[in-house]
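K.L.:
A single structure is presented below for examination.
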Amino acid sequence: METATPVKPRTKPAKYVDTSMHLDIHGVPMCPRSFNTDTINMGLAYIARPDDVFIVTMPRSGTTWMETIVYSILQNGRAFNEDFKDFTARTPFLEQHGGQGIVNMRRPGSIKTHLPLSIIPQHSQAKYIYVVRNPKDMCTSFYKFIKTMPGVTHSDVPFDTYFDLFIAGRANYGDYFDHVLDAWSHKDEPNVLFIVYEDMKKDIRSVIRRLAKFLNVDLTDEILERIVQVTSFDYMKKAEYNKHLSEESAGHLFETRTVVRKGEVGDWRTLMSEEQSRRMDARFKQTMEHIPELFTLWDEYNVFKNK
7 METATPVKPR
17 TKPAKYVDTS
27 MHLDIHGVPM
37 CPRSFNTDTI
47 NMGLAYIARP
57 DDVFIVTMPR
67 SGTTWMETIV
77 YSILQNGRAF
87 NEDFKDFTAR
97 TPFLEQHGGQ
107 GIVNMRRPGS
117 IKTHLPLSII
127 PQHSQAKYIY
137 VVRNPKDMCT
147 SFYKFIKTMP
157 GVTHSDVPFD
167 TYFDLFIAGR
177 ANYGDYFDHV
187 LDAWSHKDEP
197 NVLFIVYEDM
207 KKDIRSVIRR
217 LAKFLNVDLT
227 DEILERIVQV
237 TSFDYMKKAE
247 YNKHLSEESA
257 GHLFETRTVV
267 RKGEVGDWRT
277 LMSEEQSRRM
287 DARFKQTMEH
297 IPELFTLWDE
307 YNVFKNK
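See below:
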């Protein structure tokens, strides 16, 4: 294996972690029932290769959608369900499969992680795709997700309690705002592509073209339309993505629940109160106002009313 080209270390986040409830991975709180510290550390110790493609997101931010798109781009328009075993062999989850799972993956493929860009394996020629979703939808979607997993940290708390933890950066996977700011600080690097989830919902064809260019893949119009078709939410539901994933991922708690829901923009309104919405607006303004381009990222989607 080629030795990784030295890359300047990225600043590691440092947040309070309640170790009675969480694992502490470089300051990132993670559920001890879902993850194993040794496996994660072996994943982080993996020596990145120049042909690696990392998909980096906070949970519930279009990760699965992006995985299926990248798979189809790299496989000339092939759908994930044409050979689901092949799909899973090409899409390891760093936190679940560790370094050996990445070493043994089929290539070309992509490596999924919800850890901050700052701490995952680095190579100057590897590709890093970062997907960001607005914090209101990400917060409520992840809460609904963990509610389906009894025993997972915070799965038994009411949303009001979870919201307070999220705002404080103490929910599973830590501080959303630190995660996004860390990735944003590297968005102009040639091997980093910063994608907005809501833009995927608005104009997926443009996003697929950006991805293909970033991955150095030439797409015909015919293959582009094929990728749009086989990576749509309707297609994934009809193809029983969730059922396939449960069968292929027995024993991996985070991978055996409904990962494909509906992905609507604005679904946060079903859970979040006006007061909570204002608090999120204030936190967003506090952390993002100094970066105008990031501060206005979701203006057209009417996410933040009081910033």
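The opening residue of the sequence shown carries number 7 in my numbering; numbering runs sequentially from there. C-beta: ideal position from N, C-alpha, C; glycine also.
Contact check, L277 vs Y149 under 8 Å by CB: the rounded distance?
P.N.:
Walking along the sequence shown from the start, residue 277 turns up at place 271. Walking along the sequence shown from the start, residue 149 turns up at place 143. Yes, L277 and Y149 are in contact; Cβ-Cβ is about 7 Å, under 8 Å.
K.L.:
Using the C-alpha atoms, what's the distance from H129 back to T264?
P.N.:
Position 258 of the sequence shown holds residue 264. Position 123 of the sequence shown holds residue 129. For T264, the pLDDT reaches just 45, beneath the cut-off of 50, and the residue's location in the model is therefore unreliable, although a value from the coordinates is still provided. Each residue's alpha carbon lies about 33 Å from the other.
K.L.:
Helix, strand or coil for V234? Go by DSSP, reduced to three states.
P.N.:
For this step, residue 234 is matched to residue 228 along the sequence shown. Helix, per DSSP.
K.L.:
Would you mind sorting R66 into buried or exposed? The rule is 16 or more other CB atoms within 10 Å of its CB.
P.N.:
Indexing the sequence shown from 1 puts residue 66 at position 60. Buried.
K.L.:
Straight-line CA distance for F220 to K208?
P.N.:
In the sequence shown, the residue the question calls residue 220 occupies position 214. In the sequence shown, the residue the question calls residue 208 occupies position 202. Using only the alpha carbons, I get a separation of about 20 Å.
K.L.:
Look at the alpha carbon of E306 and the alpha carbon of P38, and state the distance between them as a whole number of angstroms.
P.N.:
As a first step, residue 306 must be located in the sequence shown, where it is residue number 300. As a first step, residue 38 must be located in the sequence shown, where it is residue number 32. The straight-line gap from Cα to Cα measures roughly 38 Å.
K.L.:
Using three-state DSSP, classify V5 as helix, strand or coil.
P.N.:
As displayed, the chain neither begins before 7 nor continues past 313, which places residue 5 out of reach and without an answer.
K.L.:
Starting from D30, follow the alpha helix (DSSP H) in both directions and report where the run begins and ends.
P.N.:
Walking along the sequence shown from the start, residue 30 turns up at place 24. Where D30 is concerned, there is no enclosing alpha helix (DSSP H), although the beta strand (DSSP E) it sits in stretches over 29–31.
K.L.:
From the DSSP secondary-structure annotation, give me the bridge partner or partners of T119.
P.N.:
Residue numbering aside, residue 119 sits at position 113 when the sequence shown is read from its first letter. V62.
K.L.:
Go through its chain and collect everything with a Cβ distance to T74's Cβ below 6 Å, but skip five positions before and after it.
P.N.:
Here the question's residue 74 lines up with position 68 in the sequence shown. The answer, listed in chain order, is F86, T237.
K.L.:
Do you know offhand how far R285's Cα is from I173's?
P.N.:
If you number the sequence shown from 1, residue 285 lands on position 279. If you number the sequence shown from 1, residue 173 lands on position 167. Those two C-alpha atoms are separated by around 8 Å.
K.L.:
If you run the structure through DSSP and keep just helix, strand and coil, what is K153?
P.N.:
Residue 153 sits at position 147 when you count from the first residue of the sequence shown. The answer is coil: DSSP assigns K153 none of H, G, I, E or B.
K.L.:
Buried or exposed for Q106, going by 16 or more other Cβ atoms inside 10 Å?
P.N.:
Stepping through the sequence shown from its first residue, residue 106 is reached at position 100. Q106 is exposed by the Cβ-count criterion.
K.L.:
Taking 8 Å as the threshold, find out whether the segment 82–100 comes into contact with the segment 140–156 through three or more Cβ pairs.
P.N.:
Touching, no.
K.L.:
Quickly, what does DSSP pair P35 with across the bridge? List them, please.
P.N.:
Stepping through the sequence shown from its first residue, residue 35 is reached at position 29. The partner list for P35 (beta bridge, DSSP) reads D30.
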